[in-house]
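For the sequence shown, the working numbering gives the first residue as 546, with consecutive numbering after it.
Beta carbons: idealized from backbone N, C-alpha and C, even for Gly.
Here is the structure we will look at, set down as structure tokens.
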Amino acid sequence: MSLDSVATKRQPPPSGDGEDVTELVLRDLAERKAAGVRKYGVPLRTFNGRDALVDAYQESLDLTVYLRQRVTEGLPGDWFADVLAFHVKFGCATRALPGVPVAGCVDLLNELIREEADELRQAMLRNDLAEIADGAVDLIYVVLGTLVSYGIDPRPVWAEVQSARAEAEAGR
Numbered sequence: 546m547s548l549d550s551v552a553t554k555r556q557p558p559p560s561g562d563g564e565d566v567t568e569l570v571l572r573d574l575a576e577r578k579a580a581g582v583r584k585y586g587v588p589l590r591t592f593n594g595r596d597a598l599v600d601a602y603q604e605s606l607d608l609t610v611y612l613r614q615r616v617t618e619g620l621p622g623d624w625f626a627d628v629l630a631f632h633v634k635f636g637c638a639t640r641a642l643p644g645v646p647v648a649g650c651v652d653l654l655n656e657l658i659r660e661e662a663d664e665l666r667q668a669m670l671r672n673d674l675a676e677i678a679d680g681a682v683d684l685i686y687v688v689l690g691t692l693v694s695y696g697i698d699p700r701p702v703w704a705e706v707q708s709a710r711a712e713a714e715a716g717r
């Protein structure tokens, strides 16, 4: 995922029945205060001899680095991030921006997709559940690798498709 796509990504309005984030933050603040008292013997107070602006700036730099790390690594279970990391680690084709990879790479991707799809089809004909699971995941992996090779992050596309399907289902 490029930083540009994250920095300018449009977000839907908040919805849902999840937890109250303000209450979560208040609990976190109470835990943080207790940790500070354990470490320093007193809670953070005004006129304590420290420059709060410098402390806050340094903490915000750390936060920015951690957030960027998380955006780059993706979420746990983020299959695309896993495949991207594999491609980077083993020197497979990757693109920072969308575009067409070299012809040899395209040929290889076409062959891998064909092979994995054929293996999955054969497993389905045999009703071999273990091989169906293996074949389906292998095919997903190769297709995600194809997106990595073309520099296409499927997550925003997935979100749009999922939203459109949910809207279509609601309109039934």
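Alpha carbons only, please: which of the options is nearest the one belonging to residue i?
{"i": "L688", "options": "V628, L598, A704", "result": "Looking at the sequence shown, residue 688 is not Leu but Val. For the residues V628, L598, A704, the minimum Cα distance to V688 belongs to V628."}
{"i": "F625", "options": "L589, A709, Y686", "result": "Y686"}
{"i": "G657", "options": "V633, F631, A630, G690", "result": "It should be noted that the sequence gives Leu, not Gly, for residue 657. With distances taken between Cα atoms, L657 lies closest to G690."}
{"i": "P646", "options": "G696, G586, V570, E564", "result": "G696"}
{"i": "D698", "options": "E604, V570, E618", "result": "E618"}
Would you tell me roughly how many angstroms separate the C-alpha atoms of residue i and residue j, rounded to the nearest one?
{"i": "A668", "j": "L692", "result": "25 Å"}
{"i": "V702", "j": "L654", "result": "20 Å"}
{"i": "E660", "j": "S560", "result": "42 Å"}
{"i": "L631", "j": "A579", "result": "For the sequence presented, residue 631 should be read as Phe rather than Leu. Cα to Cα, the separation comes out at about 41 Å."}
{"i": "E714", "j": "R555", "result": "23 Å"}
{"i": "T725", "j": "K584", "result": "As shown, the chain starts at 546 and ends at 717. That puts residue 725 outside it, with no answer to give."}
{"i": "E712", "j": "L670", "result": "34 Å"}
{"i": "A675", "j": "G622", "result": "21 Å"}
{"i": "E604", "j": "D596", "result": "12 Å"}
{"i": "V587", "j": "A601", "result": "19 Å"}
{"i": "R710", "j": "V616", "result": "26 Å"}
{"i": "L598", "j": "A648", "result": "54 Å"}
{"i": "G594", "j": "R640", "result": "49 Å"}
{"i": "V682", "j": "D562", "result": "32 Å"}
Suppose the cutoff is 8 Å on Cβ atoms and the five residues either side in sequence are ignored; what does the same chain contact list for residue i look like?
{"i": "C650", "result": "A638, S694"}
{"i": "G636", "result": "none"}
{"i": "I677", "result": "L665, A668, M669"}
If residue i and residue j are in contact, beta carbons under 8 Å, what's the gap, nearest whole angstrom?
{"i": "L665", "j": "G680", "result": "3 Å"}
{"i": "L684", "j": "A662", "result": "6 Å"}
{"i": "G581", "j": "L589", "result": "6 Å"}
In its own chain, which residues sit with a C-beta less than 7 Å from the C-beta of residue i, not counting the 5 before and 5 after it?
{"i": "S708", "result": "none"}
{"i": "E564", "result": "none"}
Short of 6 Å in beta carbon distance, which residues of its chain neighbour residue i, apart from the five on each side in sequence? Order them along the chain.
{"i": "A704", "result": "none"}
From the beta carbon of residue i, is the nearest beta carbon of chain B less than 8 Å away?
{"i": "Y686", "result": "No chain B is present in this structure, which holds just one protein chain."}
Along the chain, which unbroken stretches of the alpha helix (DSSP H) at least 4 residues long are found entirely within the segment 557-607? 566-585
Going along the chain, which unbroken runs of the alpha helix (DSSP H) with 4 or more residues stay wholly within the segment 647-695? 648-671, 674-695
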